[in-house]
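Worksheet: the structure to be examined is printed underneath.
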Amino acid sequence: MSTTAGTTASPTGLADPDELDLRLPVSYLADGHSVRSWLLTTDHKRIAILYAITITVFFFIGGAAATLVRLELATPEADVLRADTYNKLFTLHGVVMVWFFLIPSIPNTLGNFLVPLMIGARDVAYPKLNLISWYLNLGGGLLAVAALLAGGVDTGWTFYVPYSTVFSNTWVSLTVLGVFTTGFSSIATGVNFIGTVHLLRAPGMTWFRLPLFVWAMYTTSLMFVLATPVLAVTLLLVFAERTFGLPIFDPARGGDPILFQHLFWFYSHPAVYIMVLPAMGVVSELITCFSRRKVFGYTFMVYALVAIAVIGFFTWGHHMFTSGMSPYAALVFSFLSFIVAVPSAIKVFNWTGTLYRGQVGFESPMLYALGFVGLFTLGGLTGLFLASIPVDVHVQDTYFVVAHFHYIMVGASVSAYFGGLHFWWPKITGRTYPETWARFAAILMFFGFNLTFFPQFIAGYLGMPRRYHVYPPEFQIWNVLSSAGAAVLAAAYLMPLGYLTWSLLFGERAGNNPWDASGLEWRTSSPPPRRNFFGSPRVQGGPYNYHPEGVAPVHDQPRLPSRGSLT
Amino acid sequence: MSAKSPKSETPKSEPPKSETPDPEGPGIVWRRNLPVWVVLMALLALSTWAAYWPYGRIDTAIGFGIAGAKTALVALVFMQLKHASGLVRIVAACGLFWAAILFTLTLADVLSRMANR
Amino acid sequence: MVGRLMPESASLQAVLTDRIFIGLTIASALILALVVGLLLVFAIRFRRGSKADRHPLPEIVSREFEIGWTAATIFLFVFIFWWAASAEIGAYSVPPNAIEIHVVAKQWMWKVQGSNGAREINELHVPVNAPVKLIMTSQDVIHSFFVPAFRLKRDVLPDQQTEAWFQATKTGTFHLLCTEYCGTDHARMLGRVIVMEPEAYARWLSAQPEGDDLAHQGERLFSERGCAGCHAPGSAVHAPSLAGIWERPVPLEGGRFATADAAYLRDSILQPGRDVVAGYAPVMPSYAGLLDDGEIQAITAYIRALGSEPGVVRALGTPDLRSNVPGGVRERSPAMVPGAPVLDQPGPGVRP
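Protein chains in written order, with the numbering used here: chain W, 283 to 849; chain V, 1186 to 1302; chain S, 15 to 366.
Here's what the structure looks like:
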């Protein structure tokens, strides 16, 4: 297996084989080519790839639903879809995007791949459980797709009773079972990450030397384990009432529909933090690398992650201010919702401060990260509007809320997902992608996103309700702007699909550390071997050692080959 | 693959500082956990039957009692909290604390609605 | 045409809400400008290869900055909470002289009934500058009564009553929208709120078809549907008298007490076996399916009109039959009464 320097004849695909022992283990991608070796793998890296494939499929299913929705909403009348079809489509969009795309996106793809690498471990703590969690996710997704093919479900992703238990004639039970199954995938992942971070850190990797991405995965896993069982039981109650006729939420038999809302939102509010905390972890990695600086205020950043995860459990009532809840409870929830915004604000200031006196580069992952900070700030600020009860009474269940959560879930989380995907793409696949296309896609995504969702704030305050497929004509201008933006956004999402796939086949091979980043994952080959490291990593300092103490930062450039670009 | 085993396999790197008893073989695991599951199913059947008893408030008490029995069974036998260290027990108790958040704030809503006459 | 950026402001609450909204918008714009501005300034000034000064920051500065902006954020957010909360608390106390309107929502229409008997479908006529209290219930799923011009929204729940109030400050016609997803034609469940000058309103009212007010309708229903057969004085059947029970405590089987409010009356009509009055046999038939929500509201209004006199003593006999309802009896979750109970007379010190 001798190689000549600079060629890519070696099966490991290393650009720098002289650095290493010649008897190299093969990369995890080359370690077995059969379908069985993929579908029965216990390698966390392969499981991450499996997840990436399934969430991409679900992303495009959910995106197709959104495309039809925005097409219909371009005019005030119903000229594309019937009412029932429209209702099923927005429900599909919500269910698929939340449970089958966003919640697994960063934790199960980037988290699965990177957490063991970042802490210097050979795999996660429970590798077989990891594989089971993928199958549970896939099983739940297939149930949801089965519900779609059988005719769909039209309750909205929130399954409010008594509509979902008594009145809806659609495939509620099947969908609910699908979400129930996928919930266990989340719980298994959470257990796995908690075990991994507690037990498998390399010698010298103390808790306060962990990269913020690992802290983010850890706190997200705590939320997975504490919140998802409540969703599982609540959905089981809905299933029981619908299928067996048990009197649980039915008000005619003494039940309280508001109880369902309490139970549902007790999970679903931490779920939104589950969707955003991993994104914050990714952004911390990107901003530090592309400013060539330690993160500003590492300790506060860690405590902010923990604070968001904990306080986030106390705020769910802000989804229910107009529901008939008691006004005293409403005040308590409003206050707590303001408090939970404080740690997020701290993180935004710290990211901004990290740029100060750095060496800022504008590679595509950094563009996504900067976009994240802006969009997350705007989305978070509109959260304050929603925490204020008089304003919330006016905008609850209108497009203002839709715009708010899309700014966070799409503008922030999906941007961070794409940023992380681009940043770690060389590590995961061993290839580099065309940087110019990537930058263009990032900028297009930013503008398309704002054009899509900013007009929705205005439409919402004007009074346009959610889940309407026909609407009073005075809202049309904002809907047209939003639909136009959606077209741009769709193009921006298709571009990475194009050039990243191209890079898998024709991209230039990546070196171990094309970005000159810190972090243990960059101390192994791209892609890593099956057992992650060639030796046993040992940690001697904190994360982000981009410029050592007391030494001014050096002018440096990340070694990013720009050959292999399509331009 | 013995995928259903609830006890962790030894991780592939150096053995962790475990605070629970030594890892057991699958046989012992099944012999402890399968009876627990059977008893849980029996208690489920009992609580379903008890839900239809017409004795008024005692039904609620019975329901809570059965739930308590199930919790104790899961905690002491399945989770082996009997043999666990104090730290592990505190962490397990955190689950109850988190459920208490749900109950407290939900009841704050329901009870203050009732008090609001 | 771009149109407006904010809906018309046509109620007292709209003014308060808009003030908070604009305040928050200005604060958010400033914070966003600060963050984005700093990001841009730092990214450009400290771009790779630029000649800016890059000596390391002293540690003490970084810690004090952290504590400083954390404290500033906490104070700002707590202030905004206090400001919003004080506006909201006012919104919950209904003025005592409010016109009562009963609303029944069903898939996919609004049925509106004034206490003077005027009935409307998908429309609500109200006079300007008068407080209006909405007492709402749903016949099927959760709906939500939303008037953007009034900044008013309240969910409408099945088998419960929710309340909200508003005072319109401008005449005109305003959208009424259902804003809790309720099925196929959720988007078509539109209505109009028509605010009129007092004289025009009075003329409109008198032009409505002759209808009794709600309490008289209820009195008619009470005798037509057989309630009086047992509950009227002098009936051969031993049934509790309903005169003077409104909002009084009612002793139930097993020693508990319930308060005879709208929720209790509704339960007694639809599920009479649940909370049986102490000393009486559970022989009342259920009216579920025989009386719709509008008729139940009318009967409730009638019983309320019978007053709340104390001193109606019931003979407590030994119970001869036990309740066979599974699961036991319990207090059901009551109507949300946002700050003000349903009173016949004004409470002390309620600010309009």
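The beta carbon of each residue, even a glycine, is placed where N, CA and C say it ideally should be. This structure is a prediction, so every number in the text was calculated from the model and none was measured.
#1: Between which residues of its own chain and residue 500(W) is the CB-CB distance below 6 Å, once the five residues before and five after are set aside?
#2: Spatial neighbours of residue 536(W) within its chain, please: C-beta separation below 8 Å, excluding the five flanking residues on both sides.
#3: Who are the neighbours of residue 1287(V) on chain W, taking C-beta pairs under 7 Å?
#4: Have a look at 797(W), 821(W), 750(W) and 780(W) and flag the residue whose alpha-carbon is nearest the alpha-carbon of residue 373(W).
#5: Taking one C-beta from the segment 96 to 104 of chain S and one from the segment 126 to 140 of chain S each time, how about it: are there three or more such pairs within less than 8 Å?
#6: Counting C-beta neighbours from all protein chains within 10 Å, is the total for residue 241(S) 16 or more, i.e. buried, or is it exposed?
#7: Under a Cβ-count criterion, where at least 16 other Cβ atoms within 10 Å of its own Cβ denotes burial, should residue 126(S) be classed as buried or exposed?
#8: Taking the CB atoms as reference points, tell me whether residue 30(S) and residue 101(S) lie closer together than 8 Å.
#9: Using a Cβ-Cβ distance cut-off of 8 Å, determine whether residue 210(S) contacts chain W.
#10: With burial defined as no fewer than 16 other Cβ atoms inside 10 Å of the residue's Cβ, what is the status of residue 189(S): buried or exposed?
#11: Please tell me whether residue 614(W) has its Cβ less than 8 Å away from any Cβ of chain V.
#12: Under the rule that 16 or more other beta-carbon atoms within 10 Å means buried, what is residue 1237(V), buried or exposed?
#13: Just mark residue 54(S) as buried or exposed, buried being the case when its beta carbon has 16 or more other beta carbons within 10 Å.
#14: What are the start and end residues of the beta strand (DSSP E) that includes residue 180(S)?
#15: May I ask you to list, following chain order, the residues of the segment 633 to 662 of chain W that have a beta carbon less than 8 Å from some beta carbon of chain S?
#16: Take residue 598(W) and list the residues in its own chain whose beta-carbon comes closer than 6 Å to its own, dropping the five residues that flank it on each side.
#17: Does residue 610(W) get closer than 8 Å to chain V when you measure Cβ to Cβ?
#18: Let me check understanding here. Comparing Cα to Cα, which of 233(S), 269(S) and 270(S) lies closest to residue 256(S)?
#19: In three-state terms, what does DSSP make of residue 688(W)?
#20: At the 8 Å Cβ level, is residue 289(S) part of the contact set with chain W, yes or no?
#21: Please report the distance separating the alpha-carbon of residue 378(W) from that of residue 638(W).
#22: Tell me the residue span of the beta strand (DSSP E) that contains residue 169(S).
#23: Taking only the alpha-carbon atoms, compute the straight-line gap between residue 507(W) and residue 801(W) and give it to the nearest angstrom.
#24: Using the beta-carbon count (16 or more within 10 Å), is residue 451(W) buried or exposed?
#25: For the segment 718 to 742 of chain W, list every residue whose C-beta sits within 7 Å of some C-beta in chain S, in sequence order.
#26: Is the shortest distance between the beta-carbon of residue 749(W) and the beta-carbons of chain S less than 8 Å?
#27: Can you check which of these residues, 765(W), 777(W) and 822(W), is closest to residue 349(W) by C-alpha distance?
#28: Show which residues of chain W have a CB atom less than 8 Å away from the CB atom of residue 167(S).
#29: Work out the CA separation of residue 206(S) and residue 142(S) for me, nearest whole Å.
#30: Give me the DSSP bridge partner(s) of residue 82(S).
#31: Where do the ends of the alpha helix (DSSP H) carrying residue 1220(V) lie?
#32: Is there a Cβ of chain V sitting closer than 8 Å to that of residue 490(W), yes or no?
#33: Among 784(W), 806(W) and 539(W), whose alpha-carbon lies nearest the alpha-carbon of residue 171(S)?
#34: Within 10 angstroms of its Cβ, does residue 209(S) collect 16 or more other Cβ (buried), or is it exposed?
#35: In three-state terms, what does DSSP make of residue 1289(V)?
#36: In three-state DSSP terms, what is residue 449(W)?
Looking at the coordinates:
#1: Numbered from 1 along the first sequence, position 218 holds the residue referred to as residue 500(W). Taken in chain order, the residues that qualify are 479.
#2: Within the first sequence, residue 536(W) is the residue found at index 254, counting from 1. Cβ neighbours of residue 536(W) beyond the five flanking positions: 529.
#3: For the purposes of this step, residue 1287(V) is taken as residue 102 along the second sequence, with counting starting at 1. 512 and 548, listed in chain order.
#4: As a first step, residue 373(W) is located in the first sequence; it is residue number 91 there, counting from the start. Nearest C-alpha to residue 373(W): 750(W).
#5: no
#6: Along the third sequence, one-based indexing puts residue 241(S) at 227. It is buried - the Cβ of residue 241(S) has at least 16 other Cβ atoms within 10 Å.
#7: The residue labelled residue 126(S) in the question sits at position 112 within the third sequence. By the neighbour-count rule (16 or more Cβ atoms within 10 Å), residue 126(S) is buried.
#8: The sequence position of residue 30(S) within the third sequence is 16, counting from 1. The sequence position of residue 101(S) within the third sequence is 87, counting from 1. Yes. Within cutoff.
#9: As a working mapping, residue 210(S) is identified with position 196 in the third sequence. Taking Cβ atoms only, chain W never reaches closer than 8 Å to residue 210(S), which makes this a no.
#10: Mapped onto the third sequence, residue 189(S) falls at position 175. Flag for residue 189(S) reads buried.
#11: Reading the first sequence from its first residue, position 332 is the one you call residue 614(W). So yes, residue 614(W) belongs to the interface.
#12: The residue labelled residue 1237(V) in the question sits at position 52 within the second sequence. Exposed.
#13: Indexing the third sequence from 1 puts residue 54(S) at position 40. Label assigned to residue 54(S): exposed.
#14: The count along the third sequence starts at 1 and reaches residue 180(S) at position 166. Its beta strand (DSSP E) spans residues 176 to 181.
#15: 634, 635, 637, 638, 639, 640, 641, 642, 643, 644, 652, 655, 656, 659 and 660
#16: Sequence index remark: in the first sequence, residue 598(W) carries index 316 (1-based). 547, 548 and 551.
#17: Looking up residue 610(W) in the first sequence gives position 328. So, interface residue.
#18: On the third sequence, position 242 is the one that residue 256(S) refers to. Nearest C-alpha to residue 256(S): 233(S).
#19: As a working mapping, residue 688(W) is identified with position 406 in the first sequence. Correct three-state label for residue 688(W): helix.
#20: By one-based count along the third sequence, residue 289(S) stands at place 275. Answer no: the Cβ-Cβ gap between residue 289(S) and chain W never drops below 8 Å.
#21: Here residue 378(W) is taken as the residue at index 96 of the first sequence, counted from 1. Here residue 638(W) is taken as the residue at index 356 of the first sequence, counted from 1. Roughly 40 Å separates the two Cα atoms.
#22: Within the third sequence, the letter at position 155 stands for residue 169(S). That run of the beta strand (DSSP E) goes 166 to 170.
#23: For the purposes of this step, residue 507(W) is taken as residue 225 along the first sequence, with counting starting at 1. For the purposes of this step, residue 801(W) is taken as residue 519 along the first sequence, with counting starting at 1. So the alpha carbons of these two residues sit roughly 27 Å apart.
#24: Here residue 451(W) refers to the residue found at position 169 when the first sequence is read from its first residue. Classification of residue 451(W): exposed, given that the 10 Å Cβ count is below 16.
#25: 740
#26: Working through the first sequence from its first residue, we reach residue 749(W) at position 467. It does; some Cβ of chain S falls within 8 Å.
#27: Residue numbering aside, residue 349(W) sits at position 67 when the first sequence is read from its first letter. With distances taken between Cα atoms, residue 349(W) lies closest to 765(W).
#28: Sequence index remark: in the third sequence, residue 167(S) carries index 153 (1-based). Correct list: 604, 675, 676, 678 and 679.
#29: Taking the first residue of the third sequence as position 1, residue 142(S) is located at position 128. Taking the first residue of the third sequence as position 1, residue 206(S) is located at position 192. So the alpha carbons of these two residues sit roughly 15 Å apart.
#30: Position 68 of the third sequence, counted from the first residue, corresponds to residue 82(S). Bridge partners of residue 82(S): none, in fact.
#31: As a first step, residue 1220(V) must be located in the second sequence, where it is residue number 35. Unbroken alpha helix (DSSP H) run through residue 1220(V): 1211 to 1235.
#32: For the purposes of this step, residue 490(W) is taken as residue 208 along the first sequence, with counting starting at 1. Judged by the 8 Å Cβ criterion, residue 490(W) is not in contact with chain V.
#33: For the purposes of this step, residue 171(S) is taken as the residue at position 157 of the third sequence. Checking every option, the nearest Cα to that of residue 171(S) belongs to 539(W).
#34: For the purposes of this step, residue 209(S) is taken as the residue at position 195 of the third sequence. Residue 209(S) is buried by the Cβ-count criterion.
#35: As a first step, residue 1289(V) is located in the second sequence; it is residue number 104 there, counting from the start. In this structure, residue 1289(V) counts as helix in the three-state DSSP scheme.
#36: As a working mapping, residue 449(W) is identified with position 167 in the first sequence. Helix, per DSSP.
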